[in-house]
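Residue numbers (our numbering): 4 to 500.
Here a beta-carbon is modelled for each residue, glycine too, at the ideal position from N, C-alpha and C.
Computed from a predicted structure; not experimentally measured.
First comes the structure, then the notes that go with it.
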């Protein structure tokens, strides 16, 4: 890793290339499409491939030969799934639960489709399930060689008792029949080009007359009010510790002592990509992206700023006063730099910006996630709880949370592992304030102000340069009528919550 970084010092825009290397280091593999959606440019990917720093392969998952015979069903009994089910909790419990159902369905000659949104999680699931299911597990990917892809395609159309594992390309597969559709959700329901993939997959399961199983660490708040969903919960076992972090600290003294001589595996989480936020000390503000209004990130050399959301880039000068921008806070790159400075570059250290499904760690350390609450939005508390809860669910022994907000009630729910208590409290607040899931929120950007006078909605709007930005609260029964009206104005952006 150090050699790769040294080789990059001669490159222009080396911060983006270093960020790409760390991304691949944690995720192991990723498609070009996933890298582009994560904000990486094609030129940076091409440059690293040409220099031999990263590799490009057609076959991303190792071929496993000698398929074992499918084992007999386990002794423990798991009741048959209902039409709509969700299993949630710690990772080891989730994968074991799914494996039990797959064994039963394959033995009964029934077909299952497992949809997985990310390539990295797809490979993890394949490695977990292949020793159990053997050639009954069919992995369908756009990276397959044409000959292999066509062979699988025709096999899927006529086979019984198989498990199809895939991502977007597998949605088109001509399964002969489907008894169960499983969706592994990494708490990013709208991750695929902006549409609600969970709802799409549920509709697909209804088309086949199949059962639908949602697999996630955290049960979505929108499902907590639904009594027609079966629930299966696997409680996380790790201990939870919360430490106060001072404003300028990356690692508090107490946390440093825990890490110093540890030989256990550690995952360090920072909910911020890049090096640090861009801050103007003269104006006293963090600089916003002129395109998407997110906070800009300052590069490590402090010469450029960029937006991790939309890709905007500029010189590190304040747009108001023209002075040089300074760093504020820290992102994952600065955290990596500090951890390596204090403890060296150890093999048992792992870094990421979000807790991901697929692997558990002895210790998960959340260095900084308070910034989730820095942008006020109706679901900020849910996203904060979900981030910490997912970190808890991939922890084997300890979840350690550093925070400047020790008195936040969300942390008490995390320490008590009380997902139900949090959901009840949050739902009560939202019902009192007429927020989703009790009413719908629509956020729209339009080129002209729409006429909504005849519609039963609550709307707030403001002029934003050449666009009108609207936030509209509406009853579910009037949502279709509202969307029809807004689409008449050809919206630049339209989101429904």
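(request) Taking residue 127 as the reference, give the member of 263, 399 and 98 with the closest Cα. (result) 98
Cα separation between residue 260 and residue 280?
-> 28 Å
First and last residue of the beta strand (DSSP E) that includes residue 186? 183-187
For this session: Go to residue 466, then tell me how far its beta strand (DSSP E) extends in each direction, as first and last residue.
Result: 460-467
### Query
For the segment 237-251 against the segment 384-401, are there 3 or more C-beta pairs whose distance is under 8 Å?
yes
query = According to DSSP, is residue 447 helix, strand or coil?
reply = strand
Just to check my reading of the structure: residue 214 and residue 267 have Cβ atoms closer than 8 Å, yes? What is that Cβ distance to the nearest angstrom?
About 39 Å; that fails the 8 Å criterion.
Q: Starting from residue 405, trace the beta strand (DSSP E) both ways and give me its first and last residue.
A: 398-406
Comparing C-alpha positions only, which one of 216, 248 and 468 sits nearest to residue 86? 216
The beta strand (DSSP E) with residue 115 in it runs from where to where? 115-118
First and last residue of the uninterrupted alpha helix (DSSP H) at residue 160 = 149-161
Residue range of the beta strand (DSSP E) that includes residue 279
Segment 279-283, the beta strand (DSSP E) holding residue 279.
| field | Rounded C-alpha distance that separates residue 333 from residue 370 | value | Taking the Cα positions, residue 333 is about 10 Å away from residue 370.
In the structure shown, what three-state DSSP assignment does residue 365 receive?
-> strand
| task | Would you kindly work out how many angstroms separate the C-alpha atoms of residue 155 and residue 141, rounded to a whole number? | result | 7 Å
Please state whether the Cβ-Cβ distance between residue 428 and residue 441 is less than 9 Å. no
Helix, strand or coil, according to DSSP, for residue 74 in the structure here? Confidence at residue 74 is low in this model, with a pLDDT of 43, below 50, so the placement of that residue is unreliable and no value is reported for it.
- If you run the structure through DSSP and keep just helix, strand and coil, what is residue 94? In the structure shown, residue 94 falls within a helical segment according to DSSP collapsed to helix, strand and coil.
When the Cα of residue 174 is compared with those of 37, 90 and 205, which residue comes out closest? For residue 174, the closest of 37, 90 and 205 by C-alpha to C-alpha distance is 205.
Checklist entry - Can you list, in chain order, the residues of its chain whose CB lies under 8 Å from that of residue 291, leaving out five sequence neighbours each side? => result 297, 298 and 299
Top-ranked residue by Cα proximity to residue 421, from 449, 392, 407 and 404:
Of the listed residues, the one whose Cα sits closest to residue 421 is 392.
**Request:** Since I believe residue 413 is in contact with residue 222 (beta carbons under 8 Å), could you give me their beta-carbon distance rounded to a whole number of angstroms?
**Result:** Not really, about 16 Å apart at Cβ, beyond 8 Å.
Looking at the secondary structure, which residues open and close the beta strand (DSSP E) in which residue 269 lies? 269-273
Rank 345, 335, 445 and 183 by C-alpha distance to the C-alpha of residue 358 and give the top, closest one. 335
If you check the beta carbons only, do residue 448 and residue 379 fall under 9 Å apart?
-> A distance of 9 Å or more separates the beta carbons of residue 448 and residue 379.
Please go through the same chain and pick out, in chain order, the residues whose beta-carbon is closer than 6 Å to the beta-carbon of residue 270, but skip the five residues on each side of it. 353, 364 and 367
Just the Cα atoms here: how many angstroms apart are residue 199 and residue 345? 43 Å
Cα-Cα, which of 272, 106, 119 and 157 is closest to residue 25? For residue 25, the nearest C-alpha among the options comes from 272.
* **Nearest candidate by alpha-carbon position, reference residue 453, set 433, 439, 435 and 475** => 475
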